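Peer 1: For what it's worth, UniProt numbering labels the leading residue of the sequence shown as 1, then goes sequentially. The beta carbon of each residue, even a glycine, is placed where N, CA and C say it ideally should be. Please read these numbers as outputs of a predicted model, since none were measured by experiment. Got a structure for you, questions after.
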Amino acid sequence: MFAPRPVKAGESFGAPGQGPSLAISVVTVVALLLLWVAITSSGMIKPLFLPGPRAIVEKFIQVSTEGFAGSTLWQHTLASLYRVFGAFALACVTAIPVGILMGVSRIGRGIFDPPIEFYRPLPPLAYLPLVIIWFGIGEFSKVFLIYLAIFAPLAIAARAGVRSVSMEQIHAAYSMGASPRQIVMHVIVKSALPEIFTGMRIGIGVGWTTLVAAEMVAASSGLGFMVLNAAEFLASDIVIMGIIVIGFFAFGFDLIMRYLERVLVPWKGRI
């Protein structure tokens, strides 16, 4: 299970890190669950601070049927999914073209690089008050805050992908009569796709971390709101349940992105 896979034909030693890791991951998850059960069953930590898996499952069923803070778990989840994936879709539509423009045009880089690099290191909580002052406490401000958090890493990843394109590929396309537009669409963008997919995976992760900050203000539903509301009443079982649900959707989306990357970018790591 822990041994590397056999080297393929044409490979002398195999690439570092090559081989499947699913079995190791399953063993790791099972070991962590067993450790969780052992700690909570032994009484080393009080249930107030770390409830056991059974208590989490019971609370999951209760919140799914009876609800918490005026909404069921499904309603909280739908509200958060709408905010995160709505902001993610808007970021993909705008940040990827901006990143490509920054990579292929010095004018575009001069225009967009300073503001992106200025606000990128700032935590969302730093400009949350300004977003509220400008756009109020409605739904738009929450989506816009998550959008800003996703935009910067996605644009930078697209720019990095463009800058990593091999000049030999560009020169070869020019020598075969390709126009500048064809160079961008068929050479640069396709070569930048691996970096763009990486930026999308990073961006959606940043979006989920920003969700809690976005739902701190005047929210009546959402997973982040549910977690914050439960924390005020020291309901650690609901807090852990909310964290697990957020992690489940974030990890599920990451698996989807990995699959799409393998299908749409089969040449990654081979050129």
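So what does DSSP say about Ser25, is it helix, strand or coil?
Peer 2: Helix.
Peer 1: Beta-carbon separation of Ile243 and Lys59 under 7 Å?
Peer 2: Contact: no.
Peer 1: If you follow the alpha helix (DSSP H) that Lys190 is in, where does it begin and where does it stop?
Peer 2: Taken as a continuous stretch (DSSP letters only), the alpha helix (DSSP H) holding Lys190 covers 189 to 214.
Peer 1: Under 6 Å Cβ to Cβ from residue 336, same chain only, skipping five residues before and after it: list those, please.
Peer 2: Here the chain comprises residues numbered 1 to 271, so residue 336 is not present and cannot be evaluated.
Peer 1: Between the segment 46 to 64 and the segment 169 to 179, do three or more beta carbon pairs fall short of 8 Å?
Peer 2: Flag = no, the segment 46 to 64 and the segment 169 to 179 do not touch.
Peer 1: Hey, Val165 and Ser191: beta-carbon distance below 7 Å or not?
Peer 2: The answer is yes: Cβ separation under 7 Å.
Peer 1: Does the separation of the CB atoms of Gly224 and Ala87 fall below 7 Å?
Peer 2: No, these two residues do not count as a Cβ contact at 7 Å.
Peer 1: Less than 7 Å between the beta carbons of Val162 and Gly103, yes or no?
Peer 2: Cβ distance < 7 Å, so Val162 and Gly103 count as in contact.
Peer 1: DSSP state of Phe49, grouped into three classes?
Peer 2: Phe49 falls in the coil class under three-state DSSP.
Peer 1: Using the C-alpha atoms, what's the distance from Lys142 back to Arg83?
Peer 2: So the two alpha carbons sit approximately 7 Å from each other.
Peer 1: Sorted by chain position, which residues of the same chain lie with C-beta nearer than 6 Å to Ala250's C-beta, five sequence neighbours on each side aside?
Peer 2: Trp208, listed in sequence order.
Peer 1: What residue range does the alpha helix (DSSP H) around Ser175 cover?
Peer 2: Looking at the DSSP string, the run of the alpha helix (DSSP H) that includes Ser175 is 167 to 175.
Peer 1: Can you find a heavy atom of the ligand SAH that lies under 6 Å from the Cβ of Thr40?
Peer 2: Looking for the ligand SAH in the displayed structure turns up nothing, as the structure carries no ligands at all.
Peer 1: Would you give the residue range spanned by the alpha helix (DSSP H) that Leu260 belongs to?
Peer 2: Its alpha helix (DSSP H) spans residues 236 to 264.
Peer 1: Which residues share a DSSP beta bridge with Ser71?
Peer 2: Per DSSP, Phe68.
Peer 1: Buried or exposed: Thr65, going by 16 or more other Cβ atoms within 10 Å of its Cβ?
Peer 2: It counts as exposed.
Peer 1: Going by other Cβ atoms of all chains shown within 10 Å of its Cβ, with 16 needed for buried, is Thr28 buried or exposed?
Peer 2: With fewer than 16 other Cβ atoms within 10 Å, it is exposed.
Peer 1: How many Å lie between Pro51 and Leu101 at the Cα?
Peer 2: If I take the Cα positions, the gap works out to 50 Å.
Peer 1: Would you mind sorting Arg201 into buried or exposed? The rule is 16 or more other CB atoms within 10 Å of its CB.
Peer 2: By the neighbour-count rule (16 or more Cβ atoms within 10 Å), Arg201 is buried.
Peer 1: Given residue 283, which residues of its chain have a CB within under 6 Å of its CB, disregarding the five upstream and five downstream residues?
Peer 2: Missing from the structure shown is residue 283; the chain here goes from 1 to 271 and no further.
Peer 1: Is the number of C-beta pairs between the segment 139 to 159 and the segment 214 to 224 that are closer than 8 Å three or more?
Peer 2: With a cut-off of 8 Å, the segment 214 to 224 and the segment 139 to 159 count as touching, because enough Cβ pairs lie within range.
Peer 1: Only counting the same chain, and skipping five residues up and downstream in sequence, which positions put a Cβ closer than 7 Å to that of Tyr147?
Peer 2: Excluding sequence neighbours, Tyr147 sits near Ala87, Leu90, Ala91.
Peer 1: What are the start and end residues of the alpha helix (DSSP H) that includes Ala231?
Peer 2: Taken as a continuous stretch (DSSP letters only), the alpha helix (DSSP H) holding Ala231 covers 223 to 232.
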